[in-house]
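All remarks here apply to the structure that follows.
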Amino acid sequence: MIAVAAAGLCRRYGRRWALAEVGFEVPEGALVMVTGRNGSGKSTLLRVLATAIRADRGTVRILGHDVHADREAVREKIALLGHRTHLYEPLTALENLAVVARFLSRDPGREALLARLEEVGLADRADDPVQTFSAGMRQRLALARLLQQEAQVVLLDEPYGHLDPPGFLLVDRLLQRLRAQGTTVLMATHLLHRGRALCDRALVLEAGRLAFAGAASEMPEPVGADGAGFAEGA
Amino acid sequence: MRSLLVALRKDLLLQWRSRTQIVAIFAFGAAALLLFSFAIGPDSLALRQHAAGFLWLGLLLASTLSLAESFEREMEEQALEGLLLLPASARALYYGKAIANWAQLALLGAALVPVTVVLYDAGTLRLVSLLGVILLGTAGLSAPGTLYAAMTAQIRGRQTLLPLLLFPLVVPVLLAAVKATSLLILGDPMGQLRPWATLLAAFAVIHWALGGLLFSRVVED
Chain E
1 MIAVAAAGLC RRYGRRWALA EVGFEVPEGA LVMVTGRNGS GKSTLLRVLA
51 TAIRADRGTV RILGHDVHAD REAVREKIAL LGHRTHLYEP LTALENLAVV
101 ARFLSRDPGR EALLARLEEV GLADRADDPV QTFSAGMRQR LALARLLQQE
151 AQVVLLDEPY GHLDPPGFLL VDRLLQRLRA QGTTVLMATH LLHRGRALCD
201 RALVLEAGRL AFAGAASEMP EPVGADGAGF AEGA
Chain S
1 MRSLLVALRK DLLLQWRSRT QIVAIFAFGA AALLLFSFAI GPDSLALRQH
51 AAGFLWLGLL LASTLSLAES FEREMEEQAL EGLLLLPASA RALYYGKAIA
101 NWAQLALLGA ALVPVTVVLY DAGTLRLVSL LGVILLGTAG LSAPGTLYAA
151 MTAQIRGRQT LLPLLLFPLV VPVLLAAVKA TSLLILGDPM GQLRPWATLL
201 AAFAVIHWAL GGLLFSRVVE D
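In the order they appear, the protein sequences are chains E and S. Using the numbering used here, read the first sequence as starting at 1 and increasing by one per residue. Using the numbering used here, read the second sequence as starting at 1 and increasing by one per residue.
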């Protein structure tokens with residue numbers, strides 16, 4: 001079954017097209033790397049798929065549901081880790097997870113939430129406000145928040161951002177776990193070697209257009225002194 | 001209803017964590033009342049006559065700080081967007097926030113009453129009625145105020161824009177609340193309090209209903 005199907009996707013900010021005629025399909029359970037230069041449209045693509053923003057043109061279906069017509073149903077199936085962490089700074093790590101648990105009608109008890117924090121290595125900071133956390137710790141907490149959703153389609157925008165080497169391994173383990181569970185994952189990243197090793201497929205965006213879609217192992221190498229493009233299809 | 005209670009619990013917790021800010025907003029309101037009293041001068045009759053107007057002006061000015069602050073926390077790390085994507089009902093999020101804002105403004109209004117009594121010699125024995133007017137008036141401020149605070153939270157220059165949008169809309173609340181409070185302080189020989197209180201209630205009902213309907217359009221792309 002196709003988990004994500006996009007066709008003719010366009011989104012613009014002012015006069016600049018962030019996405020132009022982007023179309024692709026992702027089978028259920030696939031792990032897909034989304035890459036490209038800064039400003040190539042990776043985050044915009046993930047935010048359109050997550051229903052955080054609307055496309056100006058084109059269609060997207062997530063597990064058969066149209067993101068425009070059936071927004072609520074899509075939101076029940078997706079989880080987004082964005083550049084912003086979706087956390088409340090004055091609340092503690094535990095309170096942030098409790099808010100999400102209550103909205104999702106999950107167990108907001110301390111033990112259950114501590115177990116979640118343990119997974120991301122933050123159990124010892126459970127009662128500290130997020131505003132005292134470093135950027136890497138916030139990213140870990142955002143990952144814990146994302147895991148609470150138990151979504152069928154997970155969208156990760158630079159999940160390795162701000163993390164230390166153990167944090168990198170944490171994300172690697174998370175991706176392997178999601179793959180084992182059959183979760184579909186789209187991950188925007190600049191870490192090409194890591195992406196190639198972990199992902200089945202790759203999407204390469206260039207100035208809002210899809211420059212490559214295929215097996216991650218066949219993804220072209222970046223070229224140019226500034227890494228400004230990809231060897232094929234750019 | 002369950003989502004509303006979850007949202008309200010979250011907003012009350014956020015307010016509690018930002019309580020130093022609430023004290024600062026109260027100090028701002030009290031300072032405004034003090035400055036208004038200087039503008040009138042030492043004439044105790046004039047002070048008493050204008051007390052209700054200045055109480056509500058102080059509360060209105062302080063409310064813009066309070067309402068804008070309530071969305072600061074939502075926008076810092078796009079936490080509101082995170083809740084919408086869970087998905088949480090936009091309507092529940094609105095009513096949770098609006099009720100929390102109402103509670104804060106009502107508390108602020110009640111706290112400014114003793115300041116008004118001291119500065120303007122404007123006491124009343126009808127304290128329950130005064131509390132009722134404060135509750136109705138702040139309900140009329142918090143419903144549209146929460147909606148407009150959400151609207152302006154993502155815009156540069158929001159501190160200016162929020163009062164520019166909100167003040168013209170809440171003129172009926174200000175007018176009715178000032179008249180009702182004046183009647184309580186200065187006496188109500190003609191029994192005019194009820195119509196003004198009814199106007200406040202009608203305004204609040206309309207704007208609480210409208211806010212719930214419009215909030216998702218304001219916060220969604």
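Even glycine gets a Cβ: it sits at the ideal position worked out from N, Cα and C.
Item to check | Selection of the region 149-168 of chain E by Cβ proximity to chain S, strictly under 8 Å | outcome: 149
Item to check | Supposed contact pair residue 153 of chain E and residue 62 of chain E - C-beta distance, whole angstroms, cut 8 Å | outcome: 6 Å
Checklist entry - In this structure, what does DSSP give as the bridge partners for residue 235 of chain E? => result As displayed, chain E neither begins before 1 nor continues past 234, which places residue 235 of chain E out of reach and without an answer.
Checklist entry - How big is the Cα-Cα spacing for residue 168 of chain S and residue 206 of chain S? => result 16 Å
Item to check | C-beta neighbour in chain S for residue 61 of chain E, strict 7 Å | outcome: no
Next on the checklist: Taking only three categories from DSSP, how would you classify residue 177 of chain E?
Outcome noted: helix
Next on the checklist: Checking 7 Å against the spacing of the C-beta atoms, do residue 7 of chain E and residue 59 of chain E come in under that value?
Outcome noted: yes
Checklist entry - With DSSP run on the structure shown, which of helix, strand or coil describes residue 54 of chain S? => result helix
Checklist entry - Of all Cβ atoms in chain S, is any one closer than 7 Å to the Cβ of residue 140 of chain E? => result no
Checklist entry - Are the region 90-97 of chain E and the region 62-74 of chain E in contact at 8 Å, needing three or more beta carbon pairs? => result no
Checklist entry - Going along the chain, which unbroken runs of the alpha helix (DSSP H) with 4 or more residues stay wholly within the region 140-198 of chain S? => result 158-169, 171-186
Checklist entry - Along chain E, in chain order, which residues have C-beta atoms closer than 7 Å to that of residue 76 of chain S? => result 89
Item to check | Distance, residue 117 of chain E Cα to residue 109 of chain E Cα | outcome: 13 Å
Checklist entry - Ends of the beta strand (DSSP E) at residue 201 of chain E? => result 201-206
Item to check | Spatial neighbours of residue 232 of chain E in its chain, beta-carbon cut-off 6 Å, leaving aside the 5 residues before and after | outcome: Residue placement at residue 232 of chain E is flagged as unreliable, the pLDDT there being 49, under the threshold of 50; the coordinate-derived value follows with that caveat. Only 220 meet the Cβ criterion.
Checklist entry - Where in the region 1-56 of chain S do unbroken runs of the alpha helix (DSSP H), each at least 4 residues long, occur, reported from the N-terminal end onward? => result 2-17, 19-40
Next on the checklist: In the DSSP output, which residue or residues are listed as bridge partners for residue 1 of chain E?
Outcome noted: According to DSSP, residue 1 of chain E bridges with nothing at all.
Next on the checklist: Taking its Cβ as the centre, do 16 or more other Cβ atoms sit within 10 Å of residue 167 of chain E, making it buried, or is it exposed?
Outcome noted: buried
Next on the checklist: Distance check for residue 86 of chain S and residue 97 of chain E, CA to CA, integer angstroms please.
Outcome noted: 12 Å
Item to check | C-beta contact flag for residue 11 of chain S and residue 149 of chain S at 7 Å | outcome: no
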